[in-house]
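What follows is one structure encoded as structure tokens, with my remarks underneath.
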Amino acid sequence: MNFILEATVKAVKHLYNTDIAAADINLQETRKEFEGQVTVVTFPFTKFSKKSPEQTGADVGTFLLDELVDVSGFNVVKGFLNISLADSYWIKQLYTEILPDSFAVAEPNGQKVMVEYSSPNTNKPLHLGHVRNNLLGFSVSEILAAAGYEVVKTNLVNDRGIHICKSMLAWQKFGEGETPESTGMKGDHLVGKYYVIFDKEYKKQIEELKAAGQTEDEAKKNAPLIKEAQSMLQQWEAGNEAVITLWKTMNNWVYTGFAETYKKLGVSFDKFYYESDTYLLGKDIVDEGLEKGVFFKKDDGSVWIDLTADGLDEKLVLRSDGTSVYMTQDMGTAQLKYNDYHMDKSIYVVGNEQDYHFKVLFTILNKLGKDGAAGLYHLSYGMVDLPSGKMKSREGTVVDADDLVNDMEQTAKDQTEAMGKVDGFTDDEKLQLYHTIGMGALKYFLLKVDPKKRLLFNPEESVDFQGHTGPFIQYTHARIRSVLSRAKITNAEITVKEIAAEERDVIAILTQFPAIIQTAAEGYSPAIIANYVYELAKVYNKFYHEKSILQAEDEEVKQFRLQLSSASGKVINKAMKLLGIEVPERM
RNA sequence: GCACUUGUAGCUCAAUUGGAUAGAGCACCUGACUACGGAUCAGGAGGUUAGGGGUUCGACUCCCUUCAAGUGCACCA
91 MNFILEATVK AVKHLYNTDI AAADINLQET RKEFEGQVTV VTFPFTKFSK
141 KSPEQTGADV GTFLLDELVD VSGFNVVKGF LNISLADSYW IKQLYTEILP
191 DSFAVAEPNG QKVMVEYSSP NTNKPLHLGH VRNNLLGFSV SEILAAAGYE
241 VVKTNLVNDR GIHICKSMLA WQKFGEGETP ESTGMKGDHL VGKYYVIFDK
291 EYKKQIEELK AAGQTEDEAK KNAPLIKEAQ SMLQQWEAGN EAVITLWKTM
341 NNWVYTGFAE TYKKLGVSFD KFYYESDTYL LGKDIVDEGL EKGVFFKKDD
391 GSVWIDLTAD GLDEKLVLRS DGTSVYMTQD MGTAQLKYND YHMDKSIYVV
441 GNEQDYHFKV LFTILNKLGK DGAAGLYHLS YGMVDLPSGK MKSREGTVVD
491 ADDLVNDMEQ TAKDQTEAMG KVDGFTDDEK LQLYHTIGMG ALKYFLLKVD
541 PKKRLLFNPE ESVDFQGHTG PFIQYTHARI RSVLSRAKIT NAEITVKEIA
591 AEERDVIAIL TQFPAIIQTA AEGYSPAIIA NYVYELAKVY NKFYHEKSIL
641 QAEDEEVKQF RLQLSSASGK VINKAMKLLG IEVPERM
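Going by the working numbering, the first residue of the first sequence is number 91, and it counts up by one from there.
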């Protein structure tokens, strides 16, 4: 629609002798209830036109009508100039823009972006919260790649610390040599089981100590189990061979389990970082900060940064005993990542409970003048709540990721069978189909919502398969494929003279796709893609319902509609891919 | 207590970043060519955009204020 903007700039210059920038013009889709397809908001022009909004709109509209062959008419409602574009324009769009393979393939923009997501702890299996994280991270990566970025997907695995020692210790004490092989349990679930056991036994000890007269705080500190776990962590840091071996064994169980879950979720990574490698980093940055005077040292030797001028607090960056804290590590890891990839942007997909941490981290890196600091972004997302309240791994009130995937597949199976739509599928194809539909429903459900908002998930109510859902869009695609399979389609350009409103609407929404990708990339928002592809499916369905394709008036019209359908199917497929969702040929 | 985020139809979400009469889906009601695939389409009903004030041609959007919910304020990660 740039040509409208350019012509409007020209119109304003010609009519009112005023220079305006094309970017300042408010161009929007015309609302359904009015005639036209694009609308220029002309209120802002009244400042220099010195005329009423209506008159100003009419002036500009007349100019555009004279100037542009593709403009077939206009009307003015208040300060809104609604422009109708000729059928020939839309037909041309279909053949020159949408149908070519180059459609919505962005030129590489020469920028590199890193997306860090997932970042699990290795002491328990993934749950619904991680699912949101993984789907968001993967989808944002796909969107950025489609917008022209070179994308590096990374996973920073939190593989060390007291929480893993808890699982290790409980396994040592109560595990009786259980392994994933001996129990048939997924490795991450087995390790998670011992994390829960630790917590149960630990609580028992706390109660005993309290009964013996200790306060809650004392009991928590003095319980033998927690002391053992702490000493195990110290042994790990000291490099104790037995501890390290156990740690490696159990971590490997977890990794095998995670790999399976990642595969089911359809997410992947280009690079793994491990905290066991990075937890000591960052101390040289502390030195650097002290030299530059960004940090200061207190009498006890601890190092701090004063961010009160930035509306934040004083923050510790190094303990008095010289060991690192979370912030130290993250500064170091940020440096490591930058050294490895020299990316222009770095996105952290992390829950909103860490908003403050990342605000501080980014402020520090900027103050230190670090390369790439300007490109840091925290993609913060809300928690997933259950009707019963928060999910807590230790108390077992979580929606497990693997269970969830299985449930979704089961629901997809039930629904599909109830509709009797499995004729002609082999058993393998059925399983594949249930997976595609179930995951389509789940992914769409989680991604259509603005990441910032917290999400309520009710496991009692199955995720919908009708209406504003993934399967609705998948169904639209399957139906398009079905029609296309019943006719021979030519590649030739068809010379239809005029098109129906339903056809024009489909073309109009298709032309928006490249711009939608850019907007979604700028806002790191899969929800924008999700809502777009839903609109597209709806507009297509309306066309499909109103106009017969295979029984069209004549062969030309039939071919035109087939090509329009083919283009719609491709864009649906592509858009859904950006969400990490597959679309089936049949369902 | 302080800081950040959120609050839109009974429920789940939109609203082109300040534009038109605030739109969809679910649920509820009514209809659709003897199905190019009905997981569809058309229609009805449902709103003081949490409350109040302000800014302007124009506010769900920006500012102030009150309320509600969530999260964060460790020499934990």
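Don't be surprised by glycine CBs; every beta carbon is placed ideally from N, CA and C. Source: prediction; values computed, not measured.
Assigned secondary structure, residue i (DSSP; H/G/I helix, E/B strand, else coil)
i	result
D475	strand
T132	coil
V629	helix
I254	helix
V661	helix
D490	strand
S436	strand
Y565	helix
H447	helix
H279	helix
H217	strand
E643	coil
F193	coil
F452	helix
V205	strand
G441	strand
N199	coil
Y467	strand
E612	helix
G227	helix
Nearest residue (CA-CA) to residue i, options the options
i	options	result
L171	S178, G163, E645	G163
D278	V203, D249, L216, K263	L216
V647	Q608, E593, E187, T423	E593
N165	E157, A148, D177, L158	A148
K637	D160, D389, A591, K214	A591
E125	V167, E157, Q145	V167
D411	Q425, G391, D540, N548	G391
D461	H468, L469, F452	F452
D521	F547, K511, K503	A small fix is needed here, since residue 521 is Leu in this sequence, not Asp. When each option's Cα is compared against that of L521, the closest is K503.
T566	E588, A627, I296	A627
F547	F603, A665, K533	K533
Inter-residue spacing [alpha-carbon to alpha-carbon] between residue i and residue j
i	j	result
V623	G329	53 Å
I618	D517	36 Å
Y364	D430	14 Å
V286	T526	33 Å
K202	Y239	6 Å
G441	K103	49 Å
K578	R676	18 Å
V488	E645	57 Å
K388	K405	12 Å
F93	A657	23 Å
A236	G613	14 Å
I233	V241	10 Å
K256	G265	13 Å
K317	L336	18 Å
L246	W261	25 Å
E119	A112	16 Å
T501	L426	44 Å
V230	P616	6 Å
Residue i and residue j closer than 8 Å at C-beta
i	j	result
F359	T244	yes
K457	V573	no
A313	K300	no
I454	M433	no
L669	A620	yes
Y369	Q325	no
Q145	I173	no
M258	M322	yes
V131	N116	yes
D492	L545	no
S366	R250	yes
Opposing strand residues paired with residue i [DSSP bridges]
i	result
Q118	T129
N245	F362
G163	S174
K405	I395
L52	A query on residue 52 cannot be resolved here, the shown segment of the chain reaching from 91 to 677 and no further.
N211	N248
S414	L408
E240	K202
F93	DSSP, once it has assigned bridges, lists no residue as partnering F93.
K387	V393
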